[in-house]
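As they're listed, the protein sequences go chains A and B.
At position 293 of the first sequence (counting the first as 1) the number is 293 in our numbering, and the numbers step up by one without a gap.
To convert, count from 1 in the second sequence and add 1000; that's our numbering.
Beta carbons: idealized from backbone N, C-alpha and C, even for Gly.
All values reported here derive from a predicted model rather than from experimental measurement.
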Amino acid sequence: MDTIYIFLDGELKRKDNTLYIEPKDNNKNSLHIPLKNVSSLMFFSEVTLNKRLLHFFAKEEIPAYFYDYYGNYIGAFYPREMNKIGLTMIKQYENYINKEKRLIIAKKFVEGSSENMIKVLENYKKQYIELEKIINLMKSLQNTVDSQNNINAVMSIEGNIRKNYYNGLGIILNKNNFSFEQRTKKPPKDEINAMISFGNVILYNITLAEIYQTSLDPRISFLHEPNMRKFSLNLDISEIFKPIIIDRSIITLVNKNIIKKDEDFTPVNEGVYLSKTGQIKLIEEIEKRLETKITLYKDQKMSYKNLIRYECYKLIKHLKDEEVYKPYKL
Amino acid sequence: MYVIMVYDVNPKKVSKVLKKARKYLNWIQNSVLEGEITEKDFKTLKYSVENILDKNTDTIYWYIIKNSMKPRTYTLGETKGKTSNIIV
C-alpha cells in the first residue's frame, strides 16, 4: 500500500472515482491518482478541496494528513473508523487500566527501540572508536529496564538511553558542515534536528495509517500517556522503527552528501527547517527504506511498511492473550 | 500483484476503458496503465471492461507479476504519467 505525498499546488476533485489534481501552474498536466492501493495521503502544498472529495477518502478508508509550509503537522482528516471491533477495544482498555499488564507492554516497546538504537550505532563501531563507550552505557541502561516497577521509571530510562544514542549519532553525523549535539524541538535549532523532527512526524503518521487498517484504537497507548486530544498508540509503535527508518535515512543523506546545508534548509528565527527540496530528498530516502524487503522467517519476505502493520497484529495477539508480544529487533 | 495493462480498442471506446481502468491503475502513457492491485480489484476491473469491449475487434493485454515485485523500468524521453508517489 502506497503513501502519496503531494507537493503540487492546485485544486483537488473527485473525478471518475480517482483523486484528480488540477495544478495551479498551467504548464503542468493534470493528474488522476487511483486510490485503491493507497494507505494514506500527505499534503504539503496549497490545495483546495471539497466535501465530495473527503467523502471519497472516507469511502476508500484513507486518512489524509496536512502539513504547513515548514513541514509541521497541522492535522488530519481521519475517516469514520470501519474496522474497529469491540473485543479488541475492551482488551486494550483492560491492558491499559491494569498497571502490571500495561508495564509489560511498555517494557517491550522500550526493549525493541533501545535494541534497534544500539544496532544502528554498532554499524559504525569500527569507524568511530568513541562509540564503544556509549554503546556499553546504553546496554547497561537497557538491562535495568526489566527490574522497574512503574511506567515513569521506564520512561526515564528510555529517555536516558535516547540521550546517549543522540550523543552517538552526533559523532557519526559530524561531517559535511553538519553537527548535532542535542535534540531540540519547536523550532529545531540545527539541520539534523530539523530532519529528525520532520522524519519522525512522517513516520508517526504512516504508523497511524497502518493502525487505522487494524482493529486497534489509536487513542489508547501503553508507553506514552494517552493524551486528551492526540492519538498516541502510533507514538508507541513508531519508537521501534524510528532508529531503523528515520535515523538511518538521515545518516545516508549526510554520509553520501545528498542533502546540502546551504540548499535544502530554510532558516527561521532561532531555528531551521527543511526546505521543499530537502523535504522531498528525505521522503524519497524514507520511502526507499520502507519499501526495502527483509527476510522475516525462512522464506517470508516483508517490507518495513508491512512490518509496521504486522507489529500491530502482534500487539492484538498479545492483548487477546494468544501470544506474548515480541518487538521487532534488527 | 503488479499489473501492466495495454489496450487497443475502437477510438470511440478508448475513454470508456480508460475511465474504468484509471480507478485502479496509474496512467503511464496512451493506452498503457500499470500498478499494484489486489486480486479482487483485478477481477472487478476485468468484468467492468469486459462489458464495454467488442470481442471481435478490441484487445486488452494484462501482464501480471504475481509476487508483487515491481518490474525494473527505464524511461527514455518525456514522461507523461506519474511514476513516483511523490507528486511535485
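I'd like the list of long-range same chain contacts for Leu1025(B), defined as Cβ closer than 7 angstroms, with 5 residues on each side in sequence excluded. Val1003, Met1005, Leu1033, Glu1034, Gly1035 and Ile1037
Does the beta-carbon of Asp1041(B), which I'm using as the reference point, lie nearer than 6 angstroms to any heavy atom of the ligand COA? No copy of the ligand COA appears in this structure; indeed no ligand is present at all.
Whether Leu169(A) touches Val254(A) by CB criterion (7 angstroms): no
Limits of the unbroken alpha helix (DSSP H) element including Phe198(A): Glu191 to Gln213
With DSSP as the reference, please indicate the residues paired to Tyr332(A) in a beta bridge. In the structure displayed, chain A extends from 1 to 330; residue 332(A) sits before or after that span and is not available.
Selection of the stretch 1015 to 1028 of chain B by Cβ proximity to chain A, strictly under 7 angstroms: Lys1019, Arg1022, Lys1023, Tyr1024, Leu1025, Asn1026 and Trp1027
If you follow the beta strand (DSSP E) that His224(A) is part of, which residue opens it and which one closes it? No beta strand (DSSP E) contains His224(A), which DSSP labels as neither H nor E.
Would you call the stretch 199 to 212 of chain A in contact with the stretch 238 to 251 of chain A, where contact means no fewer than 3 C-beta pairs closer than 8 angstroms? yes
Judging by CA-CA distance, which residue of Ile196(A), Asn29(A), Asp2(A) and Ser113(A) is the nearest neighbour of Val38(A)? Asp2(A)
If you drop the 5 nearest sequence neighbours on each side, which residues of the same chain put their C-beta closer than 7 angstroms to that of Glu122(A)? Ile135
Closer than 8 angstroms at the beta carbon, the chain B residues around Asp2(A): Glu1036 and Asn1085
Have a look at Lys326(A) and Met1069(B) and give me their C-alpha separation to the nearest angstrom. 28 angstroms
Answer yes or no: do Ile157(A) and Leu137(A) have a C-beta to C-beta separation smaller than 7 angstroms? no
Which residues mark the beginning and the end of the alpha helix (DSSP H) in which Asp146(A) is found? Segment: none, Asp146(A) is in no alpha helix (DSSP H) and carries neither H nor E.
Member of Ile259(A), Met302(A) and Glu287(A) whose CA lies at the smallest distance from the CA of Ser275(A): Ile259(A)
Once you ignore the five residues that flank Ile74(A) on each side, which residues in its own chain have a CB closer than 7 angstroms to its CB? Phe66, Tyr67 and Asp68
Can you round the beta-carbon distance between Phe109(A) and Leu223(A) to whole angstroms, since I take them to be within the 8 angstroms contact cut? 5 angstroms
Quick one: complete beta strand (DSSP E) runs, 3+ long, within the stretch 1049 to 1076 of chain B? 1059 to 1065
As assigned by DSSP and simplified to three states, the class of Phe377(A): Past the edges of chain A, shown from 1 to 330, lies residue 377(A), and the structure says nothing about it.
Suppose contacts are defined by Cβ-Cβ distances below 7 angstroms. Is Ser1031(B) in contact with Tyr1007(B) by that definition? yes
State the Cα-Cα distance for the pair Thr48(A) and Val1009(B), rounded to the nearest angstrom. 36 angstroms
Endpoints, beta strand (DSSP E) assigned at Asn1026(B): Asn1026 to Gln1029
What residues from chain A crowd round Val1088(B), counting only those whose CB sits closer than 8 angstroms? Phe7, Leu8 and Ile280
Residues that DSSP places opposite Thr1038(B) in a beta bridge: According to DSSP, which records beta bridges pairwise, Thr1038(B) is partnered with nothing at all.
Chain A residues whose Cβ lies nearer than 8 angstroms to that of Lys1082(B): Leu31 and Ile33
Taking DSSP's pairing of strands, which residues face Met42(A) in a bridge? Tyr5(A) and Tyr65(A)
Less than 7 angstroms between the beta carbons of Glu130(A) and Ile161(A), yes or no? no
Tell me which residue opens and which closes the beta strand (DSSP E) that Lys13(A) is part of. Gly10 to Lys15
Can you tell which of Gly199(A), Asp299(A), Val272(A) and Asn227(A) has the C-alpha that lies nearest to the C-alpha of Arg289(A)? Gly199(A)
So what's Pro23(A) in DSSP terms, helix, strand or just coil? strand
Just confirm the distance between the C-beta atoms of Ile316(A) and Gly112(A), as a whole number of angstroms; I'd bet it's less than 8 angstroms. Between Gly112(A) and Ile316(A) the Cβ distance is about 16 angstroms, and since that is not below 8 angstroms, they are no contact.
For a contact defined as C-beta to C-beta under 8 angstroms, what are the partners of Glu287(A) on chain B? Asn1085 and Ile1086
Compute the beta-carbon to beta-carbon distance between Ser249(A) and Glu191(A), rounded to the nearest angstrom, for a pair I have assumed lies under 8 angstroms. That belief does not hold up - the Cβ atoms of Ser249(A) and Glu191(A) are roughly 14 angstroms apart, past 8 angstroms.
Evaluate Arg1117(B) with the Cβ neighbour count: other Cβ atoms within 10 Å of its Cβ, from every protein chain shown; 16 or more gives buried, anything less gives exposed. As displayed, chain B neither begins before 1001 nor continues past 1088, which places residue 1117(B) out of reach and without an answer.
Whose Cβ in chain A lies nearer than 9 angstroms to the Cβ of Asp1008(B)? The contacting residues do not exist; Asp1008(B) stays about 21 angstroms from chain A at best.
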